[in-house]
Every structure is written in structure tokens, then in C-alpha cells.
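K.L.:
I have a structure I would like to understand better, so I am pasting it below and will then ask my questions one at a time.
Protein chains in written order, with full-length UniProt numbering: chain A, 1 to 332; chain B, 1 to 377.
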């Protein structure tokens, strides 16, 4: 103890060996190798992120210097013309709106499925059901895209007309009769695509809800719904938010499925049902093939914006989770 | 124990069901999409082709995707005869193909537009003692496909097409369309005009046609990117074709092979000639003849006459070029490049084209191409 700090009160007996043996055991080769490996992994990850950010920023700065339009407000993408004119307004709108639609449709359903699997379904149904949902996650996005373009789109006109009849007065559900290749269709498709990830993460969280709480609620005479409302949902809330954010990440960056289904154009329609619009990832995939030097730089600049949006979304999710820490598993 | 086994069996059958449905799902994706692939059938004459092999090793080329099927057919025939040469043509798109050629990465490039002046200047770097030249080797008809049940023949002219694609005409029973098709039973369906969402030589040629033949009704600058507002868009010719195929009232433009591959009827053009012209390879070759060569010093860049009124000439065409150095080609690739292009420009090489919906170049132009290929050094 003489070697230890004099200011802190000596810890109780159990910690003594650690204080004395600590420096000695760190010298063992296994410890050092593992420390090096894990530290190295962390550094590599940060280095990769930094490299991506530097690369994106560097190329984006070149493009922005030459851009004749306003990068944030121009409704046009003519990066290959001379002088280049391009702006991300339409892409940002399309990306965010389609992702929001996807979240609104997918998260409630996903939470429902997760609760069903974890708390309602008989065990012999829960297993296979969970398995099928895992399979949904394994379908490549181009297959979703083809299904969307060849099956979903030709069959959505009826739903669109129904929306127009009942909600057309809002303006955002007005339908003019074009092939339904709009941001709304993209939202539906994205909802199906993010369903498995949101469901799986939520299910795992709900399963971990402390049995004692549930049993306590049951002992107080709560019904099953009340048990879920009082003990499972509050416990799982931060987990569901993380799950939703994981899904949102996929929806924001989804490329092939969107490119196959959407009818891209550089306009923003008031109605979500009008074909047109675009997303960052879709525009990069579509415009990259014939892009010259400036075209590529401009696309990279738009990629940087998507990068930033994703960072902001993840940051926001972390903030929400941090605020609700009292419900998180660590403190339960 | 028994119960457990039963459960596993059930889980298995459920997963089997899921797997089958996934397979069915992906199978849905593949039908209707074979439009671009017409390469079978092009090989009939391959065995008989008179190919003079020269040069060994790998020949790497890249560029226009519009001519990919034609180049593939040529490559297949050529490699059958000359097993010593491996030719690899990557359909990267014209822009990327020219870039790679100018950086000296490829032996020749394929492009559906001619080199720009500054690109010719840059070519001095790779063509030590010469410059890059355009060699027109084939033409592709761009068909205007439509989907209108009950209407088997549809005649349109340039000005009506311009108005349709500019959203000025929005119903199929518009007076302008009725006037051109007095016998057709035109419904009042909404017109859904599809264009390419990506930049494309097909769009460039189609809008050049509209601008030349209907200058009063098409005010947009012709170019690779679609300039007009309105209408719907899709990625690639395959995307446009599959959307036209499944959308009632749709109209769109794509290479002829996509129309035949997907069984999409094509519009006949009223060019001002006596009879409306169909989109066929013969009619396209006739329209190429109406154009002229404007390149100088061995360059064979063409200027097409989109507004031609010649009898039996279908004017919406895409001429694609191979781009190589006239002098100063790399010594290791020159023999193979020369012998391959010679075959492509030969009678046999040109004959292959019609079977896969490309138009051979007319005699007076292909003879000049042959001469130019012969003099490559």
C-alpha cells in the first residue's frame, strides 16, 4: 500500500491484489498482444473513418469550387456540363422523406412482430417465425428492387386511388394517374427492407426484459397487455430506438432497390404519390456510369452530405438513448 | 423427444417454404429482362468468316454499352478463328471508355459520340506520332416503343413526338395523334412518356433527332442528359423497356433490340416521305447513307441527317465508333487491333449485325472505314 496514492482511501481487501499485482500481470505477453490488437483495431477503425471523411471532403471541395449553382438549393444535376451546375435539394428531400415513410410504416409493425414473437406466440411458432424474418434480411436489395419494379409498382395503382379519394384533400396524397414509381412506393419498399433488422433487434431487447418485473406485475393482477406496457416496453424503449436507427441507416443509404423502383427527376412534387424525386445513393448509382471528372467529384460531394446526415441521425439516436438511460439494461 | 423432433421438422418445412418463395421472387426478376441479350443467332457465319489473325495476347478495350452486343458477337467469332488472341471489351460507357483510352490503358475505345476537340489534342500523348480517329463501324436503330392495347400500328411524326415527350400532348386521343392515325381506335388513356434517368448516347441521338426534325416543338438542347421536365424516367434501356412493357399508355425510346426482345411494338415514323418508315435495320442503314463524313485527315466522324425525308430511311439512329490512333498505336497491340477491326469492318463482320438488331454501315462508308483500318500504324 505504500506505493499507492496517499490521497485515496485504501480500498477494501478484495481490491488489494489487483493494486499490487496489476503492473506485474500487464507484462505477460498474452496481455500485451491482446492489448495491442484491440487498441490497433480501434485505431484502424478511426483511421478508416478519417480517411473516408478526408477523401470525401477533398473531392467535394474541388467540385464545390467549380459549381455554378447553389449546392443546397439548386434543383438540377448537370455536373458534366460546362460550367457544372448541381444542387442537392431534391436528393436531400427524397432521401429524408422516403426514409421517414419507411420508418412510419415499418417500426410499429416491427415492434408488433417482435412482441408477438417474444411474448405472445407459442414457442413452436416463435422459432420458425423468427427464422423467416432472418431470411428476409438475407434477400439482396436488388431482388427487392426487381420485385418492387415488376410486382409492387403494377399493383399499387389501386392503393394510390384509394389514398387520393380519402386523403387527396391534404395535397400530399394527390394522385394524377402516372405509373406509381414515386417516393411513397420507395418508402413502402424500404419499410419491407428494414423490417427484419428492426424486428430482430427489438425482439432481442424484449426478450431480456427482467422476468422479475413481469412476474411482479402479474402478481399485482395485471393482464398480459398491462405487463407489456408496464415492464417490457419501458425496458425496451431505448433498444427499439436503436433498432429503428439501424433501420433508418439502411433506408437512408439504400441504393439498388430505390434506383430500380423510382422514376428519378430533379423536381420536388407536393404530392408524395407523383412519380419523381431522387435520393443520394440512387443518384450516385445512376449518374456514376457516364460521369466525367467533375461529375464524379460532384457525386462525391453529395455522398459527403449523406455521410453527414447519417452521422447526425446516429448522434441524435445516441442522445435519445442517453436521456433514457434509466430504462436501459445496465441499470435494470 | 418425439415432440422436439416434430418441431424441428416443422421448422424445416417452414424454412423450405421461405427458401422456395425467395427463389420464386428472384425468378420474377429475371423475366422480361433479356431484351439486351441478342447475342445468340449472331454466330451463324462465324465458322465461314474470313478472318486473318494477327498478333497474340490480350487486347483490352472499353467504352459504349450501346455496341456491347455487337462487339461481343465479333469477339466471339474472332476468337473462334484466332485462339491466340483474347479480346476483352468492357461496357463502361462511352465517357469512361474514352478516358481509359486517353490514359493508354486500352487498345481502342468504343463510343457513341465522336471525340471532342480537346480529346483529340490529348490523344497526342498516347498516339506518339499521330492522333486518335473515329471509325464508324455500326449503327443502331432507336425504336420508339409504346404500350396501348388494341392499337397495333401507330404512326407519329417528329413534332407530335416532341410534344408527347415534352408533356404538351397528354392523352392518346389527342387530335394530332388522331390525324396521323385515322383508322386506329385511340383510347383517352393518359400518355406516360418514359425517358432515361442516366446520361446516355441514346438520349443524345433521340433528342438530336427531335431538335433537328421538330425544331419548332423541341426547344431543349440535345444532349446525353434528358433536358425536358415532366414524364417518367428509368435507369438504362432495360429499365425504360420494362416500364413501357408493364405500363398501359406508356411510350419510350430504346435500342431496337429491346423492342424485339420484349415484344414491344414500335412507332412508325412519318418523316415526310411517302410512306411511314418502320424501325428496321435496313431502314436505319438507309438513314446512315443520308449522313456524311465530316472528319478530316483519316478521321471518319459522321454528321447524321436526322431530318432526312428520304424514302425508307428511319432517321432515329445511333452511330457508334471505335476509337484508335491513326499512327503510334502500341506495338504490342497494333497487329491484333488491326486484324480485329478489319474483321469487324469486313463483309462477314457487318453481316453478323443485322441478326442482333444493329444496322450495318452502308457500302460507301464501310469502304472508307476499311481503308482507314488498313492504314492504322
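C-beta: ideal position from N, C-alpha, C; glycine also.
#1: Give the interface partners of residue 334 (chain A) over in chain B, defined as CB-CB distance under 7 angstroms, in chain order.
#2: Quick check: the Cα distance between residue 174 (chain A) and residue 99 (chain A), rounded to an integer number of angstroms?
#3: Step through the CB atoms of chain A and report whether any lies within less than 9 angstroms of the CB of residue 199 (chain B).
#4: Where does residue 131 (chain A) sit, in a helix, a strand or coil, going by DSSP?
#5: In whole angstroms, what is the alpha-carbon distance linking residue 334 (chain A) and residue 254 (chain A)?
#6: If you measure from the beta carbon of residue 224 (chain B) to each beta carbon in chain A, is any gap under 9 angstroms?
#7: Spatial neighbours of residue 248 (chain A) within its chain, please: CB distance less than 7 angstroms, with the 5 preceding and 5 following residues excluded, ordered by chain position.
#8: Cβ closer than 7 angstroms: which chain A residues qualify as neighbours of residue 233 (chain B)?
#9: Count the other C-beta atoms from every protein chain shown that fall within 10 angstroms of the C-beta of residue 65 (chain A), then say buried if there are 16 or more, exposed otherwise.
#10: Go ahead and pull the three-state DSSP assignment for residue 66 (chain B).
#11: Can you give me the C-alpha to C-alpha distance between residue 222 (chain B) and residue 295 (chain A), rounded to a whole angstrom?
#12: Spatial neighbours of residue 298 (chain A) within its chain, please: CB distance less than 6 angstroms, with the 5 preceding and 5 following residues excluded, ordered by chain position.
#13: Note down, in chain order, every chain B residue with its Cβ under 7 angstroms from the Cβ of residue 289 (chain A).
#14: For residue 382 (chain B), which of helix, strand or coil comes out of DSSP?
#15: Based on Cα-Cα distance, which residue from A:268, A:262, A:202, A:150 lies nearest to residue 172 (chain A)?
#16: Would residue 323 (chain B) and residue 101 (chain B) be called neighbours here (beta carbons separated by less than 9 angstroms)?
#17: Can you tell me whether DSSP reads residue 156 (chain B) as helix, strand or coil?
#18: Compute the Euclidean distance between the alpha carbons of residue 181 (chain A) and residue 163 (chain B), then round it to the nearest angstrom.
#19: On a Cα-Cα basis, can you pick out the residue from B:218, B:103, B:135 that is closest to residue 114 (chain B)?
#20: Report back the beta-carbon spacing between residue 354 (chain B) and residue 277 (chain B) to the nearest angstrom; my notes put them in contact at under 8 angstroms.
#21: According to DSSP, is residue 141 (chain B) part of a helix, a strand, or is it coil?
#22: Taking the beta strand (DSSP E) that residue 324 (chain B) falls in, what are its first and last residues?
#23: Threshold first: 4 residues or longer. Then list the alpha helix (DSSP H) segments lying entirely within the segment 219-243 of chain B, N to C.
#24: Three-state secondary structure (DSSP) at residue 253 (chain A)?
#25: My parser needs the alpha helix (DSSP H) runs of 4 or more residues fully inside the segment 84-128 of chain B; what are they?
#26: Using a Cβ-Cβ cut-off of 6 angstroms (strictly less than) and excluding sequence neighbours within five positions of residue 84 (chain B), which residues of its own chain qualify?
#27: Does chain B have any CB closer than 9 angstroms to the CB of residue 185 (chain A)?
#28: Just how far apart, CA to CA, sit residue 272 (chain A) and residue 281 (chain A)?
#29: Can you give me the start and stop residues for the beta strand (DSSP E) that residue 194 (chain B) sits inside?
#30: On the criterion of 16 or more Cβ atoms from any shown chain inside 10 Å, does residue 244 (chain B) qualify as buried, or is it exposed?
#31: Where do the ends of the alpha helix (DSSP H) carrying residue 348 (chain B) lie?
#32: Work out the CA separation of residue 270 (chain B) and residue 210 (chain B) for me, nearest whole Å.
#33: What residues in the segment 168-199 of chain A bring their beta carbon closer than 9 angstroms to a beta carbon of chain B?
#34: Would you say residue 81 (chain A) faces chain B, with C-beta separation under 9 angstroms as the test?
#35: Which residue wins for smallest C-alpha separation from residue 356 (chain B), given the options B:59, B:343, B:73?
#36: Using beta-carbon positions only, say whether residue 263 (chain A) and residue 197 (chain B) come within less than 9 angstroms of one another.
P.N.:
This is what the structure holds:
#1: Since the displayed chain A opens at 1 and closes at 332, residue 334 (chain A) lies outside it and no answer follows.
#2: What you label residue 174 (chain A) is simply residue 174 of the first chain in a count that begins at 1. What you label residue 99 (chain A) is simply residue 99 of the first chain in a count that begins at 1. Distance between the alpha carbons of residue 174 (chain A) and residue 99 (chain A): 20 angstroms.
#3: Here residue 199 (chain B) refers to the residue found at position 199 of the second chain. Cβ-Cβ to chain A under 9 angstroms: yes for residue 199 (chain B).
#4: In the first chain, counting from the first residue as 1, residue 131 (chain A) sits at position 131. DSSP places residue 131 (chain A) within a helical segment (H, G or I) once states are collapsed to three.
#5: No answer is possible for residue 334 (chain A): the residues shown for chain A start at 1 and end at 332.
#6: In the second chain, the residue the question calls residue 224 (chain B) occupies position 224. For residue 224 (chain B), the answer is yes, since a Cβ of chain A falls inside 9 angstroms of its Cβ.
#7: Within the first chain, residue 248 (chain A) is the residue found at index 248, counting from 1. Result list for residue 248 (chain A): 99, 103, 313, in chain order.
#8: As a first step, residue 233 (chain B) is located in the second chain; it is residue number 233 there, counting from the start. Per Cβ cutoff of 7 angstroms: 263, 264, 265.
#9: Here the question's residue 65 (chain A) lines up with position 65 in the first chain. By the Cβ-count criterion, residue 65 (chain A) is exposed, with fewer than 16 other Cβ atoms from all chains shown falling within 10 Å of its own Cβ.
#10: Position 66 of the second chain holds residue 66 (chain B). Reduced to three states, the DSSP call for residue 66 (chain B) is coil.
#11: Residue numbering aside, residue 222 (chain B) sits at position 222 when the second chain is read from its first letter. Residue numbering aside, residue 295 (chain A) sits at position 295 when the first chain is read from its first letter. Their backbone Cα atoms lie some 19 angstroms apart in a straight line.
#12: Working through the first chain from its first residue, we reach residue 298 (chain A) at position 298. The answer, listed in chain order, is 63, 79, 86.
#13: Residue numbering aside, residue 289 (chain A) sits at position 289 when the first chain is read from its first letter. Correct list: 93, 198.
#14: Nothing can be reported for residue 382 (chain B), as the shown portion of chain B is limited to 1 through 377.
#15: For this step, residue 172 (chain A) is matched to residue 172 along the first chain. Ranking A:268, A:262, A:202, A:150 by Cα distance to residue 172 (chain A) puts A:268 first.
#16: Numbered from its first residue, the second chain carries residue 323 (chain B) at position 323. Numbered from its first residue, the second chain carries residue 101 (chain B) at position 101. Yes. Within cutoff.
#17: As a working mapping, residue 156 (chain B) is identified with position 156 in the second chain. In this structure, residue 156 (chain B) counts as strand in the three-state DSSP scheme.
#18: Here the question's residue 181 (chain A) lines up with position 181 in the first chain. Here the question's residue 163 (chain B) lines up with position 163 in the second chain. Those two C-alpha atoms are separated by around 23 angstroms.
#19: The residue labelled residue 114 (chain B) in the question sits at position 114 within the second chain. Among B:218, B:103, B:135, the Cα nearest to that of residue 114 (chain B) is on B:135.
#20: Position 354 of the second chain, counted from the first residue, corresponds to residue 354 (chain B). Position 277 of the second chain, counted from the first residue, corresponds to residue 277 (chain B). Going by Cβ atoms, the distance from residue 354 (chain B) to residue 277 (chain B) rounds to 17 angstroms, so no, they are not a contact pair.
#21: The residue labelled residue 141 (chain B) in the question sits at position 141 within the second chain. Strand at residue 141 (chain B).
#22: Here residue 324 (chain B) refers to the residue found at position 324 of the second chain. Judged by DSSP secondary structure, residue 324 (chain B) falls within the beta strand (DSSP E) whose first and last residues are 317-325.
#23: none
#24: Here residue 253 (chain A) corresponds to residue number 253 of the first chain, with the count starting at 1. Correct three-state label for residue 253 (chain A): helix.
#25: 94-102, 117-122
#26: Counting from 1 along the second chain, the entry for residue 84 (chain B) is found at position 84. The residues are 56.
#27: Taking the first residue of the first chain as position 1, residue 185 (chain A) is located at position 185. Under the Cβ distance rule, residue 185 (chain A) does not count among the residues neighbouring chain B, no pair being separated by less than 9 angstroms.
#28: Walking along the first chain from the start, residue 272 (chain A) turns up at place 272. Walking along the first chain from the start, residue 281 (chain A) turns up at place 281. Answer to the nearest angstrom: the Cα atoms are 19 angstroms apart.
#29: Looking up residue 194 (chain B) in the second chain gives position 194. That run of the beta strand (DSSP E) goes 192-196.
#30: In the second chain, residue 244 (chain B) corresponds to position 244, counting from 1. The residue in question, residue 244 (chain B), is buried, as its Cβ has 16 or more Cβ neighbours within 10 Å.
#31: Residue 348 (chain B) sits at position 348 when you count from the first residue of the second chain. Per DSSP, residue 348 (chain B) belongs to the alpha helix (DSSP H) from 347-355.
#32: To locate residue 210 (chain B), count along the second chain from 1; it is residue 210. To locate residue 270 (chain B), count along the second chain from 1; it is residue 270. Their Cα atoms are separated by approximately 13 angstroms.
#33: 176, 177, 178, 179, 181
#34: Looking up residue 81 (chain A) in the first chain gives position 81. Yes - at least one Cβ of chain B is within 9 angstroms of the one on residue 81 (chain A).
#35: Here residue 356 (chain B) is taken as the residue at index 356 of the second chain, counted from 1. When only C-alpha atoms are compared, the closest one is B:73.
#36: As a first step, residue 263 (chain A) must be located in the first chain, where it is residue number 263. As a first step, residue 197 (chain B) must be located in the second chain, where it is residue number 197. In this structure, the beta-carbon distance from residue 263 (chain A) to residue 197 (chain B) falls below 9 angstroms.
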